[in-house]
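To convert, note that position 23 of the sequence shown is 28 in the numbering used here; the numbers rise steadily by one, no gaps.
We put the beta carbon where it would ideally sit given N, CA and C, even for glycine.
Keep in mind it's a predicted model, so treat the numbers as computed, not measured.
Below is one structure, written out as structure tokens, with a few remarks after it.
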Amino acid sequence: MKSSEMESDLYCITCTEETPHIITYVNGNLESVKCEECERTMKIQRNIMKEFYKEVYDRISTKPSRITKEYKEDLSGFLYKLPIRVMSKPYRVINDLNESRKVIKRFKQ
Ligand SMILES: [Zn+2]
Numbered sequence: 006m007k008s009s010e011m012e013s014d015l016y017c018i019t020c021t022e023e024t025p026h027i028i029t030y031v032n033g034n035l036e037s038v039k040c041e042e043c044e045r046t047m048k049i050q051r052n053i054m055k056e057f058y059k060e061v062y063d064r065i066s067t068k069p070s071r072i073t074k075e076y077k078e079d080l081s082g083f084l085y086k087l088p089i090r091v092m093s094k095p096y097r098v099i100n101d102l103n104e105s106r107k108v109i110k111r112f113k114q
């Protein structure tokens with residue numbers, strides 16, 4: 006949430022003249038206009054919480070796509086590593102099986 010204030014001379018309906026006003030912006034959107042003479046504040050009807058949640062949601066919702074992008078970029082690396090993992094495991098299994106057979110054979114005799 007970014008809040009900023011700006012001062013400007015505006016026509017006030019209470020003072021019935023041009024007076025300095027404090028204009029408040031939240032996230033670059035007009036939030037309120039306050040007359041510095043009579044302190045009359047005109048609030049802009051806008052749901053600040055909705056705006057806040059939208060900002061949070063936008064921040065969260067952009068994250069999964071970033072993760073997916075990183076994952077996709079790493080996919081070539083992942084696929085490169087994958088066959089080694091797949092190949093080494095059956096080899097180890099076969100080796101163990103052969104060892105087991107030898108042990109079983111020995112015990113059978
Ligand atoms: Zn005023």
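The closest CA to that of Met6, considering only Thr29, Asp14 and Glu44, is found on Thr29.
The three-state reading of DSSP puts Lys107 in helix, counting H, G and I together. For Glu10, the CB stays at least 7 Å from every heavy atom of ligand 1. Taking the CA atoms as reference points, Asn32 sits about 13 Å from Met11. Your pair Lys48 and Ser37 checks out as a contact, with CB atoms roughly 5 Å apart and the cut at 8 Å.
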